[in-house]
Structures are given as C-alpha cells and as structure tokens.
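First the structure, in the form of structure tokens, and then the observations on it.
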Amino acid sequence: MGPDEVFCRKCGETKPRVAFYDQPHSTLPRRPCKACILTDKRARYAAGDGDRVSHAQVLREKYNLTSAQYEQMLADQKGRCAICGQLETARGRGGTPRRLAVDHDHRSGVVRQLLCHRCNLVTWAVGENPALLDEVRAYLDAHARRAG
Ligand SMILES: [Zn+2]
Ligand SMILES: [Zn+2]
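Numbering (our numbering), first residue to last: 681 to 828.
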C-alpha cells in the first residue's frame with residue numbers, strides 16, 4: 681500500500697486517496713470510500729430511508745411536527761387509520777406502502793390524527809361540511825337497495 685493509497689474496510693479494497701472524500705478539520709480521508717458511501721445511500725433509499733428525509737421535511741414544514749412526534753402518533757394509533765382502523769394499503773413510489781397522512785384542520789392548522797390515503801381523501805373532499813357524508817351515505821344506500 682503506497683502513501684497515497686487508503687484501505688477501505690467496508691469493501692476490503694485498497695484505493696487511491698482520490699477515491700475517498702476529505703473530512704473537515706482533518707487530513708485523514710473520510711471512510712468508507714466514495715463508492716461504498718454511494719452504495720449505502722442507494723441501499724438506504726431503496727429501504728425507504730431516502731424517503732424519510734423528505735417526509736421529515738414535509739412534516740416539519742407543513743404540520744410543524746417532528747418525525748418523533750409522527751412516530752408517536754403512529755404508535756398511539758397502532759399504525760392504523762384513525763377512521764377506518766385499517767393499515768394503509770395504498771402504495772407509493774417503488775411499491776412501498778404509503779405512510780398514513782397527517783390530517784389537520786385546514787382553518788386552524790391544528791393537527792388531528794393520522795389517516796389512510798382513502799380516508800384522508802374523503803375527509804379532504806368533505807372538508808368543512810361533514811353533513812355531506814350523511815347525504816353520500818343515503819345516496820349509496822338508496823342505490824344499493826335499488827340494485828339489491
Ligand atoms: Zn469501499
Ligand atoms: Zn382509513
């Protein structure tokens with residue numbers, strides 16, 4: 681191993697110094713090597729962690745929630761939708777199940793509970809007029825009777 685070569689324990693290869701990033705405040709190279717860092721990043725992204733970064737951002741910017749608060753709400757609801765009590769079945773990019781959506785009062789901004797994609801859509805569509813739900817139900821019942 682020459683003076684400009686560095687051993688990466690992760691991939692077990694000895695590589696030239698340029699295959700490693702610099703560290704701030706240190707002359708020692710950052711480990712693992714660039715290739716291993718990239719591989720890690722891809723693996724994390726595939727595992728959904730890359731998504732968690734942006735999810736945390738959305739939580740913070742849109743709902744003023746931390747990831748920890750979200751995880752606590754999720755635990756309180758046992759991972760289930762606050763309305764239908766089901767686990768999320770809708771899938772997002774890459775086929776991974778979507779996260780339960782944060783429902784909030786659109787006027788006050790107050791966070792309510794976590795909802796599945798479907799219930800969140802229904803809640804959003806009904807908006808400030810929950811009485812509409814009774815009419816939707818009456819409509820569906822009437823047609824179900826007609827069909828049945
Ligand atoms: Zn490496
Ligand atoms: Zn639901």
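Beta carbons: idealized from backbone N, C-alpha and C, even for Gly.
Cβ neighbours of Phe687 within its own chain (closer than 6 Å, five residues either side excluded): Thr694.
The Cβ atoms of Tyr743 and His784 sit closer than 8 Å to each other. Inclusion of Ala781 and Leu767 in the CB contact set at 8 Å is not warranted, their separation being larger than that value. Contact fails between the region 768-776 and the region 801-812, because fewer than three Cβ pairs, one in each stretch, are under 8 Å apart.
Gln703 and Thr719 have their C-alpha atoms roughly 19 Å apart.
In the structure shown, the three-state DSSP call for Thr719 is helix. In the three-state scheme derived from DSSP, where H, G and I count as helix and E and B as strand, Cys688 is classed as strand. In the three-state scheme derived from DSSP, where H, G and I count as helix and E and B as strand, Lys758 is classed as coil. In this structure, Lys690 places its C-beta atom within 8 Å of the C-beta atom of Cys716.
Between ligand 1 and the CB of Ala723, the shortest heavy atom gap is not smaller than 7 Å.
Burial check for Leu801: the Cβ neighbour count within 10 Å stays below 16, so the residue is exposed. DSSP places Glu815 inside the alpha helix (DSSP H), whose first and last residues are 811-827.
Put simply, the backbone Cα of His786 is about 33 Å away from that of Ala824. Between His797 and Ala762, the C-beta gap is not smaller than 8 Å, which leaves the two residues out of contact.
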